[in-house]
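Engineer: Shown below is the structure under consideration.
There are 2 protein chains.
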Amino acid sequence: MSSPKRTTVYDVAREAGVAASTVSRAFSNPRRVNATTRRHVLAVAERLGYHPSPLATALQSGRTATLAMLVPDIANPHFFGTIRGAERRATAADITFILGFTEESADTERDQIERLARSVDGFVLASSRMPDSTTADLAREHNLVLVNREVDGLPSVVVDNASGSAQIVDHLASLGHRSLVYLSGPHQSWLAGERWRALSAGAGRRGMGATRLGPFPPQVAGGGAAADAALVSGATAVVAHNDLLAIGILRRLAERGVQVPEQISVVGYDDIFGADFCVPALTTLAGPQEEAGRSAVEILLTTGSARADPESPRRVVLPSHLVIRDSTGPAPDPGR
Amino acid sequence: MSSPKRTTVYDVAREAGVAASTVSRAFSNPRRVNATTRRHVLAVAERLGYHPSPLATALQSGRTATLAMLVPDIANPHFFGTIRGAERRATAADITFILGFTEESADTERDQIERLARSVDGFVLASSRMPDSTTADLAREHNLVLVNREVDGLPSVVVDNASGSAQIVDHLASLGHRSLVYLSGPHQSWLAGERWRALSAGAGRRGMGATRLGPFPPQVAGGGAAADAALVSGATAVVAHNDLLAIGILRRLAERGVQVPEQISVVGYDDIFGADFCVPALTTLAGPQEEAGRSAVEILLTTGSARADPESPRRVVLPSHLVIRDSTGPAPDPGR
DNA sequence: CAACATTTGGCAATCGCTTGCCATGTTTCG
DNA sequence: CGAAACATGGCAAGCGATTGCCAAATGTTG
């Protein structure tokens, strides 16, 4: 609180018998100063308890050594892994990690970016809700990396939806299901589109029917309506937009006395916390979330510093795998 | 990324025909400038797309308009609410919100504080793992507010453990249990101490026996050992350090074919995501987590600006309430 | 209408560090 | 051995605001 007097470069410089610029360089540009001098300066700094002021540094150099991650909602455990991966990578690189929530709103997201723009070197946007055009515009002004979202020309990290969804389809097909119903997430959700596309393509390939219902709010609370919609559609297998929704569906089906998986199979996406202990345990597509967060920050790090060729925005696709639990089973006998 | 040239106070000043200082005041000290002038300046600023540089502002003024929250681990859903409450309050006050994880380590926590010190106006420490003395030392240098932790003389927000634990004891007593076992969390955990203290005091008051076992890692994975320990102790009712542990216990008991609540009752703390859909649904002590985060930031906000009398550090105690679900039931007949 | 109080606005120093440019001291090499 | 090439360190000008202090303008009062 009370600042008797912060130690500055000048204090260290005086004490070490060198110029302030040398002290500065000892910290930020080691190769510009003699190794011995540097060691001495650092020692003096240590003794004086000196730490460069990140503010002053940022003001002058333009590098803030800070990055912000924007997430639609923390209440969705799906984001844990990604957040943690990003935070770890950032901290490891001595980068300060700002976290913001966008409340599932594109406007809030945009505002946050605007607000933080001057304080950070870049943004990690998880499951961004902004339309492509807005995102592309912002990318002209700011350093963006997308997670689970793709926009032409922008760096991104996504979990492989195509192959993942194909795994789901194959799993259901192998159990004898002749069709599936996708209970969709919000329609601004890029993921919802991707998943549906991949699911229906996969279904086509296996000669299965595929229907899309929704959109439903991608939360446990959305499960009620989703389950009922699935029921009237006569589906034998439903694929929920995410595990939150799937868990809500499971709950609603239990309430209505519908047996899972005997009467209907349920699949989710994300393998969130709880997917293994809900009842029945949920079959779901898992992806390396933490890795996704890590990668995104990685990209930001290299983009910013190495000023990588702007012609090749990075694009990382992470593998996904189906975790088979108890919510999927053989298709009910159509004869009955 | 390319910065053609940021607009500065000077640009606005020139364009508005006033001095830079006036522009600055128009933004940060409205009462020092004529209302009409101010409106004009703001209009020009708007037109030029000017936003004060937070860095420059912070450097000069010493106020960073930023705060950091440190949390042991994001993987524990218990922290969601608190994080979200804090973030919301901060964003509402136009304060940038930094989130850091301490990996359950006191050293990491301390390092993070040191690292961020110059960049923030204050810290919210959730379930801090640092010993009292360290915390008190740090508080001399930094603005700290504790959540679910108390240290003499420091501002804090806690969920009422005493009354909450009493509620648990009474609930169990009313079900005929003659004793309870507390499956403890880490012993650096202040909460673990508090809870045990409150539980054994409450048990004493009701003429019940109380035993403490552990410590166990406060995670689902810790449940295996905890459950087994509870079993050999012959307990009819166990109170787990938190819901994560309780869920792990439930799972282990199920594996071993022990009926809950027929043979043993299980209670948790926090009412986390998943506590309502695990099997059986968990009886647990719920608290207003989001409110806790909000309050903590609130305190930070007033402490910082109003320079409240340092003699009365704020202390907020939030009410808790027991959510009774299916994991608790009548004590098994001792005759059998 | 002069004298005094009160607002407002402007000047310039300052926050703590970075960095371009220049002046040394050292090496290297023909 | 002298010139060219490097390697280091220092000077000083910013980065973009804030703010103490002072002057000008405006309002009040006797």
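For the record, the sequence lines run as chains A and B.
Positions in the first sequence are counted from 1; adding 2 to them yields our numbering.
Positions in the second sequence are counted from 1; adding 2 to them yields our numbering.
Glycine included, each C-beta is placed from N, C-alpha and C at the ideal position.
Predicted, not measured: the structure shown is a model, and the values here were computed from it.
List, in order along the chain, the chain B residues whose C-beta lies closer than 9 Å to that of A/V281?
Structural biologist: Reading the first sequence from its first residue, position 279 is the one you call residue 281 of chain A. Within 9 Å Cβ-Cβ: F279, C280, V281.
Engineer: Using 8 Å as the limit for Cβ to Cβ distance, is B/I326 near chain A?
Structural biologist: In the second sequence, counting from the first residue as 1, residue 326 of chain B sits at position 324. No, no contact with chain A.
Engineer: So A/V299 and A/A92 are in contact, right, with Cβ under 8 Å, and what is the actual spacing, rounded?
Structural biologist: Position 297 of the first sequence, counted from the first residue, corresponds to residue 299 of chain A. Position 90 of the first sequence, counted from the first residue, corresponds to residue 92 of chain A. About 5 Å; that satisfies the 8 Å criterion.
Engineer: Here's the rule: buried if 16 or more other CB atoms are within 10 angstroms of the residue's CB, otherwise exposed. What is A/V262?
Structural biologist: Within the first sequence, residue 262 of chain A is the residue found at index 260, counting from 1. The residue is buried, with at least 16 neighbouring Cβ atoms inside 10 Å.
Engineer: Within a Cβ cutoff of 6 Å, which residues of the same chain sit near B/L101, ignoring the five residues on either side of it in sequence?
Structural biologist: Numbered from 1 along the second sequence, position 99 holds the residue referred to as residue 101 of chain B. Cβ neighbours of B/L101 beyond the five flanking positions: M71.
Engineer: For B/A128, which three-state DSSP category applies?
Structural biologist: Residue mapping note: residue 128 of chain B aligns to position 126 of the second sequence, counting from 1. Looking at B/A128 - three-state DSSP - the assignment turns out to be strand.
Engineer: Mind listing which residues of the region 36 to 63 of chain A have their C-beta closer than 8 Å to chain B's C-betas, in chain order?
Structural biologist: So the list reads H53, S55, P56, L57, A58, A60, L61, given in the order they occur along the chain.
Engineer: With H, G and I counted as helix, E and B as strand and the rest as coil, what does DSSP make of B/S176?
Structural biologist: To locate residue 176 of chain B, count along the second sequence from 1; it is residue 174. Of the three classes helix, strand and coil, the one that applies to B/S176 here is helix, per DSSP.
Engineer: Taking A/D230 as the reference, which of A/G250, A/Q221, A/A212 has the closest Cα?
Structural biologist: Looking up residue 230 of chain A in the first sequence gives position 228. The shortest C-alpha separation from A/D230 is found at A/G250.
Engineer: For the region 274 to 288 of chain B against the region 315 to 329 of chain B, do three or more pairs of beta-carbon atoms, one drawn from each stretch, fall closer than 8 Å, so that the two count as touching?
Structural biologist: Verdict: yes, contact present.
Engineer: Quick one, which residues of the region 89 to 102 of chain A are near chain B if we go by CB-CB under 9 Å, in chain order?
Structural biologist: Listed by position, the residues of the region 89 to 102 of chain A near chain B (Cβ gap below 9 Å) are E89, R90, T93, D96, T98, F99, I100, L101, G102.
Engineer: Do A/I301 and A/V160 have their C-beta atoms within less than 8 Å of each other?
Structural biologist: Start at 1 with the first residue of the first sequence, and residue 301 of chain A comes out as number 299. Start at 1 with the first residue of the first sequence, and residue 160 of chain A comes out as number 158. Contact flag unset, no.
Engineer: Cutting at 8 Å between CB atoms, please list the residues of its own chain near B/A138, excluding the five before and the five after it.
Structural biologist: Within the second sequence, the letter at position 136 stands for residue 138 of chain B. V153, D154, G155, L156, listed in sequence order.
Engineer: Name the two residues that bound the continuous beta strand (DSSP E) containing A/S322.
Structural biologist: The sequence position of residue 322 of chain A within the first sequence is 320, counting from 1. Counting along the chain, A/S322 falls outside any beta strand (DSSP E), and DSSP gives it neither H nor E.
Engineer: Below 8 Å between beta carbons: does that hold for A/P133 and A/T238?
Structural biologist: The count along the first sequence starts at 1 and reaches residue 133 of chain A at position 131. The count along the first sequence starts at 1 and reaches residue 238 of chain A at position 236. No.
Engineer: Hey, could you find the ends of the alpha helix (DSSP H) A/T213 is sitting in?
Structural biologist: Your numbering for residue 213 of chain A matches position 211 in the first sequence. Note, A/T213: premise wrong, no alpha helix (DSSP H); beta strand (DSSP E) at 211 to 215.
Engineer: Mapping DSSP to helix, strand and coil, what is B/Y52?
Structural biologist: Translated into positions along the second sequence, residue 52 of chain B becomes position 50. Here B/Y52 sits in coil by DSSP.
Engineer: If you run the structure through DSSP and keep just helix, strand and coil, what is A/L284?
Structural biologist: Taking the first residue of the first sequence as position 1, residue 284 of chain A is located at position 282. Coil.
Engineer: Checking 8 Å against the spacing of the C-beta atoms, do B/T66 and B/D123 come in under that value?
Structural biologist: In the second sequence, the residue the question calls residue 66 of chain B occupies position 64. In the second sequence, the residue the question calls residue 123 of chain B occupies position 121. Yes, these two residues count as a Cβ contact at 8 Å.
Engineer: Quick check: what's the CA-CA separation for B/G51 versus A/L140?
Structural biologist: Translated into positions along the second sequence, residue 51 of chain B becomes position 49. Translated into positions along the first sequence, residue 140 of chain A becomes position 138. Those two C-alpha atoms are separated by around 15 Å.
Engineer: Does B/L146 come out as helix, strand or coil in the three-state DSSP assignment?
Structural biologist: Within the second sequence, the letter at position 144 stands for residue 146 of chain B. Three-state DSSP puts B/L146 in a strand.
Engineer: Which word fits B/A168, buried or exposed, when buried means at least 16 other C-beta atoms lie within 10 angstroms of its C-beta?
Structural biologist: Along the second sequence, one-based indexing puts residue 168 of chain B at 166. Result: buried.
Engineer: Which one of B/T68, B/R49, B/S267, B/L303 has the shortest CA to CA distance from A/L57?
Structural biologist: Numbered from 1 along the first sequence, position 55 holds the residue referred to as residue 57 of chain A. Nearest C-alpha to A/L57: B/T68.
Engineer: Strictly under 8 Å for the Cβ-Cβ distance: is B/L118 near chain A by that measure?
Structural biologist: By one-based count along the second sequence, residue 118 of chain B stands at place 116. B/L118 counts as touching chain A.
Engineer: Starting from B/A70, follow the alpha helix (DSSP H) in both directions and report where the run begins and ends.
Structural biologist: As a first step, residue 70 of chain B must be located in the second sequence, where it is residue number 68. Segment 68 to 73 is the beta strand (DSSP E) holding B/A70; no alpha helix (DSSP H) there.
Engineer: Is the separation between the beta-carbon of A/V183 and that of A/V240 shorter than 8 Å?
Structural biologist: Walking along the first sequence from the start, residue 183 of chain A turns up at place 181. Walking along the first sequence from the start, residue 240 of chain A turns up at place 238. Going by C-beta atoms, A/V183 is nearer than 8 Å to A/V240.
Engineer: If you compare alpha carbons, which of B/W198, B/H189, B/N244, B/A205 is closest to B/S107?
Structural biologist: In the second sequence, the residue the question calls residue 107 of chain B occupies position 105. Here the closest residue by C-alpha is B/H189.
Engineer: Going by the beta-carbon positions, is the gap between A/L185 and A/G216 smaller than 8 Å?
Structural biologist: Walking along the first sequence from the start, residue 185 of chain A turns up at place 183. Walking along the first sequence from the start, residue 216 of chain A turns up at place 214. Taking 8 Å as the Cβ cut-off, A/L185 and A/G216 qualify as a contacting pair.
Engineer: Which same chain residues, not among the five before or five after B/I274, have their C-beta less than 6 Å away from its C-beta?
Structural biologist: For the purposes of this step, residue 274 of chain B is taken as residue 272 along the second sequence, with counting starting at 1. Only P79, H80, D245 meet the Cβ criterion.
Engineer: Between the alpha carbons of B/R253 and B/Q265, how many angstroms are there, rounded?
Structural biologist: Within the second sequence, numbered from 1, the residue matching residue 253 of chain B stands at position 251. Within the second sequence, numbered from 1, the residue matching residue 265 of chain B stands at position 263. Approximately 14 Å between the Cα atoms of the pair.
Engineer: Starting from the C-beta of B/V73, find all residues in its chain whose C-beta is less than 8 Å away, skip the five residues before and the five after it, and write them out in chain order.
Structural biologist: Taking the second sequence and counting its residues from 1, one reaches residue 73 of chain B at position 71. Once the five neighbours on either side are set aside, the close Cβ partners of B/V73 are F81, T84, I85, L101, G102, F103, T104, A128, S129.
Engineer: Under 9 Å between beta-carbons, which chain B residues line up against A/R86? List them in chain order, please.
Structural biologist: As a working mapping, residue 86 of chain A is identified with position 84 in the first sequence. The answer, in chain order, is D75, I76, A77, F103.
Engineer: Within the same chain, show all residues whose beta-carbon is closer than 8 Å to that of A/T330, passing over the 5 residues directly before and after it, in chain order.
Structural biologist: The count along the first sequence starts at 1 and reaches residue 330 of chain A at position 328. Cβ within range, chain order: H173, L174, L177, A239, P263, S267, V268, V269, T285.
Engineer: State the Cα-Cα distance for the pair B/A228 and B/F218, rounded to the nearest angstrom.
Structural biologist: The residue labelled residue 228 of chain B in the question sits at position 226 within the second sequence. The residue labelled residue 218 of chain B in the question sits at position 216 within the second sequence. Taking the straight line from one Cα to the other gives about 7 Å.
Engineer: List, in order along the chain, the chain B residues whose C-beta lies closer than 7 Å to that of A/R253?
Structural biologist: Position 251 of the first sequence, counted from the first residue, corresponds to residue 253 of chain A. Residues of chain B passing the Cβ test: F279.
Engineer: Would you kindly check if the distance between the Cβ of B/A277 and the Cβ of B/G87 is under 8 Å?
Structural biologist: For the purposes of this step, residue 87 of chain B is taken as the residue at position 85 of the second sequence. For the purposes of this step, residue 277 of chain B is taken as the residue at position 275 of the second sequence. Cβ atoms of B/G87 and B/A277: not closer than 8 Å.
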